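J.: In full-length UniProt numbering, the protein residues as written are 1 to 323.
Heads up, the beta-carbon is just placed ideally off N, CA and C, and yes, glycines get one too.
Note that this is a predicted model, so its numbers are computed, not measured.
(1) Assign residue 230 to one of three DSSP states: helix, strand, or coil.
(2) Look at the alpha carbon of residue 79 and the alpha carbon of residue 247, and state the distance between them as a whole number of angstroms.
(3) Quick one: measure Cβ to Cβ for residue 131 and residue 161, integer angstroms, because I've assumed they're closer than 8 Å.
(4) Please state if the CB of residue 56 and the CB of residue 8 are separated by a distance shorter than 8 Å.
(5) Sort 227, 107, 67, 150 by Cα distance to residue 34 and report the nearest one.
(6) DSSP three-state label for residue 31, please.
(7) Using 8 Å as the Cβ pair cut-off and three pairs as the minimum, do the region 13-25 and the region 290-302 touch?
(8) Using the Cα positions of residue 309 and residue 37, report the straight-line distance between them to the nearest angstrom.
(9) Looking at the unbroken beta strand (DSSP E) that takes in residue 180, where does it start and where does it end?
(10) Within 10 angstroms of its Cβ, does residue 252 collect 16 or more other Cβ (buried), or is it exposed?
(11) Give the secondary structure of residue 2 by DSSP, where H, G and I count as helix, E and B as strand, and everything else as coil.
(12) Tell me whether residue 124 sits in a helix, a strand or coil according to DSSP, three-state version.
(13) In terms of residue numbering, what span does the alpha helix (DSSP H) encompassing residue 12 cover?
(14) With a floor of 4 residues, list each alpha helix (DSSP H) that falls wholly inside the region 215-286, ordered by position along the chain.
(15) Taking only the alpha-carbon atoms, compute the straight-line gap between residue 104 and residue 222 and give it to the nearest angstrom.
(16) Report the CB separation of residue 272 from residue 75 in whole angstroms; it is logged as a contact under 8 Å.
(17) To the nearest angstrom, how far is the alpha carbon of residue 89 from that of residue 233?
(18) Would you check if the distance between the CB atom of residue 134 and the CB atom of residue 16 is smaller than 8 Å?
(19) With C-beta atoms as the reference, is residue 282 less than 8 Å away from residue 125?
(20) What's the gap between the Cα of residue 51 and the Cα of residue 4?
(21) Residue 180: buried (16+ other C-beta within 10 angstroms of its C-beta) or exposed?
(22) State buried or exposed for residue 325, treating a residue as buried only when at least 16 other CB atoms are found within 10 Å of its CB.
(23) Opposite residue 170 in the DSSP bridges: which residues?
(24) How far does the alpha helix (DSSP H) with residue 133 in it extend, from its first residue to its last?
(25) Whole angstroms is fine: what's the gap from residue 231's alpha carbon to residue 241's?
(26) Among all the DSSP beta bridges, which residues are the ones paired with residue 26?
(27) Quick one: grab the DSSP three-state call for residue 290.
(28) Relative to the C-alpha of residue 173, which residue among 149, 319, 244 is closest?
(29) Round the Cβ separation of residue 256 and residue 243 to the nearest angstrom and send it over; I've been treating them as touching at under 8 Å.
(30) Under the DSSP definition of a beta bridge, which residues are partnered with residue 7?
(31) With distances taken between CB atoms, is the gap from residue 41 to residue 11 smaller than 8 Å?
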């Protein structure tokens, strides 16, 4: 089996770097570079430990897509804070429910320049989140295996064994303490059916809701009950049909009543929770295999010198070389 293609949920990494690396790390002119340093170090560690055959940095072109807001207006609405910067910028939405802090935006541009000079391609899609780019690549990449790096539980819906084995490198506790999730792990952790662990997770998440994303869920149904309900049905449509069919004994009257009251939400929830499998991806960079040497070593060296990133860039280059 070839080494896996590694898909980076880039904003997930640079936000964790921004909040996890001291802001006292600056360039000579005083510009904060903590996120840029942390991001390069995270990617270097991931490449060194996971040894992917390719790395693709996936970007948010729109962290609050119009089609999701039309379906559920509360989607990420609480994160919009104009005083914190432009919420439509490539930075995306912050994990602490605020739009991006102004100190992060310039560092994202540095990160993108470093990726380009290193030879790591980026992928985005106008009007879509990085999650959708990742979902589309998982559905379309011709490869033996895929590893998705993210601290976002929503992407657990992508785990599968067939046709392309897909695993989530879950970094919520940090890159050094990542957890590797496959179907068996998702099924064991969340109580959803092993045979359709990814879909089951997405359905459980729809019922449970997610306050951090502004998803109301079904009132009175928590994660445990949601998993139990999902486990009794073979698909989302089958479960929704049981809400209307009082003769279906797989659903208790209490759960049926709660779901019936959330009927309008249940109709639109799949469009919001499920990642798109067909986002119109645009690329920067041409190298699709892991670059063992920088695409533009002079530009990378100049960028490292300008932004006081020499140590982090050196570690990234060494990791790409397999050192």
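T.: According to the structure data:
(1) helix
(2) 42 Å
(3) That belief does not hold up - the Cβ atoms of residue 131 and residue 161 are roughly 21 Å apart, past 8 Å.
(4) yes
(5) 107
(6) coil
(7) no
(8) 6 Å
(9) 179-181
(10) exposed
(11) coil
(12) strand
(13) 10-20
(14) 223-231, 236-244, 253-261, 263-273
(15) 35 Å
(16) 6 Å
(17) Bear in mind that a pLDDT of 47 at residue 89, under 50, signals an unreliable position, so the model cannot answer this.
(18) no
(19) yes
(20) 8 Å
(21) exposed
(22) This structure leaves residue 325 out entirely; the chain is present only between 1 and 323.
(23) 150, 179
(24) 130-140
(25) 15 Å
(26) 32
(27) coil
(28) 149
(29) 6 Å
(30) 56, 148
(31) no
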